[in-house]
Amino acid sequence: MEPRKNTRAQPGTLRFLPDRPASGVGAASDERPRSRNEFQLADETEDEKGRIPPGCDPPGAYSVRPGEGSEVGMAAQMALADTAESTIVAQESSRTETAVSAESFEPNQLLEAIPVTAEVLDNEAEKEAELQMLRDIEKVKAAELQTLHETMKAKEAEMLVLRQKVELTKLNSQNYHQQHYEFEPDECRYVFVYGSLRPDDESNKSWNQDAVSGMLGQWAELRGAHLYNDKYANVVFEGAKSEDTVYGWVLTAGKSWFTKRLKLFDLLLGQTGGSYERTITKVWLLGDPKIGPPGSSVMAYVYHIPNGDKSEENLIPSGDWLLRNSKVTTS
204 MEPRKNTRAQ PGTLRFLPDR PASGVGAASD ERPRSRNEFQ LADETEDEKG RIPPGCDPPG
264 AYSVRPGEGS EVGMAAQMAL ADTAESTIVA QESSRTETAV SAESFEPNQL LEAIPVTAEV
324 LDNEAEKEAE LQMLRDIEKV KAAELQTLHE TMKAKEAEML VLRQKVELTK LNSQNYHQQH
384 YEFEPDECRY VFVYGSLRPD DESNKSWNQD AVSGMLGQWA ELRGAHLYND KYANVVFEGA
444 KSEDTVYGWV LTAGKSWFTK RLKLFDLLLG QTGGSYERTI TKVWLLGDPK IGPPGSSVMA
504 YVYHIPNGDK SEENLIPSGD WLLRNSKVTT S
């Protein structure tokens, strides 16, 4: 007996199922019971079959309802069932292959398996290049900032050295800290004159008598200073010792008159654009006590030339302008 074939029935033909083979004791007989419909179809004559036009299916061949027993309807149902079964098997196989394929990949491999276009790669490369450029700029700025900090430290060190030199210069002159002051108190109304502005000057300068008129004077000494003949009398504090002395007069007057006389001294000695400068220092009173007792001191204005001639031949050892032509030291 030939094996069963799953083929579609041809139009106008009948398909019979093969007999079931015996399988041990009590197996089914060779003859299979047939339904009433099957016997009815088998009894059809060739003439009745020939009534169907060639190449056409009989009416209702694929619309046989279950239970009617039509061989054609059963064949159609079996064909549809086979197709559905094949579809289900194919879907299950596809899902199984997909699951196995997904399980065989690590997470990183799955990401790597995603296709990346050339455009995305180019954008990533551009972004990385921009980030690298920003990092390079940041390094350059950090280096510039470090250089600036080092420069500032060097400048601060230079300023510290200069301040130390200034302090050392001040310390070298004992008179500077003991007697010399650069501030001007509001109530300072004394001026120390030691050259041609002395009331007892013998040079007969035209400005002498007018400058000292109306002023009260007392003999005095300025300690810690040298007297030089730099065309005009000049006092130098730098390099002098405490025992070095310059002699002259302390002049004073009422506030209003003293202010006028001080402006005249500024004009005569070049304070308003000349080489003399005015500062305040301590002066000790001597002689007739018209201003104060001898040995007492007052703060007085003193005119001097900071960068004047300090040559040895112009030094007046006596410290007295009237003895400038003598090398005798006044004691």
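Per this note's numbering, the sequence shown starts with residue 204, numbered consecutively. All residues carry an ideal CB built from backbone N, CA and C; glycine is no exception.
Boundaries (first-last residue) of the beta strand (DSSP E) holding residue i
i       : result
Trp-422 : 419-426
Tyr-504 : 500-507
Tyr-393 : 393-396
Alpha helix (DSSP H) segment containing residue i, residue limits
i       : result
Lys-463 : 458-471
Ala-414 : 411-415
heavy atom of the ligand PLP below 8 Å from residue i C-beta
i       : result
Glu-405 : This structure lacks the ligand PLP, and indeed carries no ligand of any kind.
Cβ-based burial, residue i [other Cβ within 10 Å; buried from 16]
i       : result
Leu-324 : exposed
Gly-427 : buried
Val-438 : buried
Arg-401 : buried
Asp-404 : buried
Lys-252 : Unreliable placement is indicated for Lys-252, whose pLDDT of 47 sits below 50; no coordinate value is reported for it.
Ala-278 : buried
Ala-443 : buried
Ile-291 : exposed
Ile-340 : exposed
Gln-349 : exposed
Val-343 : exposed
Thr-354 : exposed
Ala-456 : buried
Glu-327 : exposed
Asp-447 : buried
Arg-366 : exposed
Arg-392 : buried
Ser-521 : buried
Asn-411 : buried
His-507 : buried
Three-state secondary structure (DSSP) of residue i
i       : result
Lys-485 : strand
Asp-433 : strand
Ala-443 : coil
Glu-327 : helix
Glu-480 : strand
Leu-283 : helix
Leu-518 : strand
Gly-400 : A small fix is needed here, since residue 400 is Leu in this sequence, not Gly. Looking at Leu-400 - three-state DSSP - the assignment turns out to be coil, as it is neither helix nor strand.
Ile-291 : helix
Arg-366 : helix
Glu-405 : coil
Ser-296 : helix
Asp-339 : helix
Lys-513 : coil
Lys-493 : coil
CB-CB length for residue i against residue j, believed under 8 Å
i       : j       : result
Gln-421 : Ile-494 : 4 Å
Ala-423 : Trp-487 : 6 Å
Val-449 : Ala-503 : Rounded, the Cβ-Cβ distance is 12 Å, inconsistent with contact.
Ala-436 : Leu-471 : No, Ala-436 and Leu-471 are not in contact; Cβ-Cβ is about 13 Å, not under 8 Å.
Met-418 : Arg-464 : 6 Å
Gly-451 : Val-364 : That belief does not hold up - the Cβ atoms of Gly-451 and Val-364 are roughly 38 Å apart, past 8 Å.
Leu-430 : Ile-519 : 4 Å
Gly-490 : Pro-496 : Contact doesn't hold; Cβ gap of about 11 Å is too wide.
Asn-432 : Asn-510 : With a Cβ gap of about 16 Å, Asn-432 and Asn-510 do not count as contacting.
Ser-399 : Ser-409 : About 10 Å; that fails the 8 Å criterion.
Lys-485 : Ser-500 : 5 Å
Per DSSP, the bridge partner or partners of residue i
i       : result
Tyr-450 : Glu-424
Thr-455 : Tyr-393, Leu-419
Val-438 : Leu-430
CB contact check: residue i to chain C, cutoff 9 Å
i       : result
Arg-401 : Given the protein chain composition of this structure (a single chain), no chain C is represented.
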